[in-house]
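Enquirer: In my numbering, the protein residues as written are 284 to 444.
Beta carbons: idealized from backbone N, C-alpha and C, even for Gly.
Okay, handing you the structure first.
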Amino acid sequence: MRGRLNIRSNTGSETMSINWQQTQTDYAINLSGTLGLGAVQITGGAEGVIVEKAGESPLRAQSLEAITTEMLGYAFPASELLYWIRGMPTPDREVRIQRNTQGLTSTLSQQDANGQNWELEYDRYREVENVFLPGRILLERDQYRLTFIISSWEIPEGNGG
Numbered sequence: 284m285r286g287r288l289n290i291r292s293n294t295g296s297e298t299m300s301i302n303w304q305q306t307q308t309d310y311a312i313n314l315s316g317t318l319g320l321g322a323v324q325i326t327g328g329a330e331g332v333i334v335e336k337a338g339e340s341p342l343r344a345q346s347l348e349a350i351t352t353e354m355l356g357y358a359f360p361a362s363e364l365l366y367w368i369r370g371m372p373t374p375d376r377e378v379r380i381q382r383n384t385q386g387l388t389s390t391l392s393q394q395d396a397n398g399q400n401w402e403l404e405y406d407r408y409r410e411v412e413n414v415f416l417p418g419r420i421l422l423e424r425d426q427y428r429l430t431f432i433i434s435s436w437e438i439p440e441g442n443g444g
């Protein structure tokens, strides 16, 4: 997934470019223009996460949530985003979903792993490899508002539909 991410809170707003590649539980996220940090490479999986920025020692943690708590001041719902970014709820958790006239998720309300409730809105769906994926996703919790504007999706061969 490629696009832009805007993070807004009571203390300000920051917009960055995002390139997110996911294979099963492993991921690589490239952010640029992020939180005054410049380009950042985040790689992770079951063994933990590493955040790298040119000229600095890598940060290592057990989870992306742990690092985002340090960087952003709150635990970003990274584990849930594997599902939420595609308009799907996190498995095995209570969820409220509303669907549009095409049967696609328009709103989703679910708690993250820390018990924090997030409200999500989806629109601008497009068909990619026989799968309908959102072009805009809005996530809100308390004073935090995250907006993903997705310019392109790519589904590895054999993973569509």
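(1) Taking the continuous alpha helix (DSSP H) assigned at Ala361, which residues delimit it?
(2) Decide if Pro360 is buried, meaning its Cβ has at least 16 other Cβ atoms within 10 Å, or exposed.
(3) Would the region 362-375 count as touching the region 393-408 if we require 3 or more Cβ pairs under 8 Å?
(4) Is Ala232 buried or exposed, if buried means 16 or more other CB atoms sit within 10 Å of its CB?
(5) Assuming the contact rule is C-beta atoms closer than 8 Å, Val411 and Ile438 should be a hit. Round their C-beta distance to whole Å, please.
(6) With a threshold of 6 Å on Cβ separation, who are the neighbours of Ser292 within its own chain once the five nearest residues in sequence on each side are excluded?
(7) If we count the other Cβ atoms within 10 Å of its Cβ and call it buried at 16 or more, is Gly327 buried or exposed?
(8) Can you tell me the Cα-Cα spacing of Arg285 and Glu339, whole angstroms?
(9) With the cut-off set at 8 Å, would you say Pro341 and Glu335 are in Cβ contact?
(10) Taking the straight line between their C-alpha atoms, what separation do you get for Val332 and Gly295?
(11) Can you tell me where the beta strand (DSSP E) holding Met299 begins and where it ends?
(12) Would DSSP call Ile325 helix, strand or coil?
(13) Am I right that Thr388 and Arg379 are in contact with their C-beta atoms under 8 Å? What's the rounded C-beta distance?
(14) Can you check DSSP and say which residues form a bridge with Gly331?
(15) If I measure Cβ to Cβ from Leu429 and keep anything under 6 Å in the same chain, skipping five residues before and after, which residues do I get?
Expert: In brief:
(1) For the purposes of this step, residue 361 is taken as the residue at position 78 of the sequence shown. From DSSP, the alpha helix (DSSP H) with Ala361 extends over 361-367.
(2) Here residue 360 refers to the residue found at position 77 of the sequence shown. Per the 10 Å Cβ criterion, buried.
(3) yes
(4) Because the chain in this structure spans residues 284 to 444, residue 232 falls outside the shown range and cannot be described.
(5) In the sequence shown, the residue the question calls residue 411 occupies position 128. In the sequence shown, the residue the question calls residue 438 occupies position 155. That belief holds up - the Cβ atoms of Val411 and Ile438 are roughly 6 Å apart, short of 8 Å.
(6) Here residue 292 refers to the residue found at position 9 of the sequence shown. Answer for Ser292: Gln426, Tyr427, listed in chain order.
(7) In the sequence shown, the residue the question calls residue 327 occupies position 44. Under this definition Gly327 is a buried residue.
(8) Working through the sequence shown from its first residue, we reach residue 285 at position 2. Working through the sequence shown from its first residue, we reach residue 339 at position 56. Approximately 25 Å, taken between the alpha carbons.
(9) Working through the sequence shown from its first residue, we reach residue 341 at position 58. Working through the sequence shown from its first residue, we reach residue 335 at position 52. Taking 8 Å as the Cβ cut-off, Pro341 and Glu335 qualify as a contacting pair.
(10) As a working mapping, residue 332 is identified with position 49 in the sequence shown. As a working mapping, residue 295 is identified with position 12 in the sequence shown. Taking the straight line joining both Cα atoms gives about 26 Å.
(11) Here residue 299 corresponds to residue number 16 of the sequence shown, with the count starting at 1. Looking at the DSSP string, the run of the beta strand (DSSP E) that includes Met299 is 295-306.
(12) For the purposes of this step, residue 325 is identified with residue 42 of the sequence shown, where counting begins at 1. In the structure shown, Ile325 sits in a strand (DSSP, three-state: E or B).
(13) For the purposes of this step, residue 388 is identified with residue 105 of the sequence shown, where counting begins at 1. For the purposes of this step, residue 379 is identified with residue 96 of the sequence shown, where counting begins at 1. The pair is not a contact, with the Cβ atoms about 11 Å apart (cut-off 8 Å).
(14) As a position in the sequence shown, residue 331 is number 48, starting the count at 1. For Gly331, which the question treats as bridged, DSSP gives the partners Gly328.
(15) Residue 429 sits at position 146 when you count from the first residue of the sequence shown. The answer, listed in chain order, is Ile290, Leu422.
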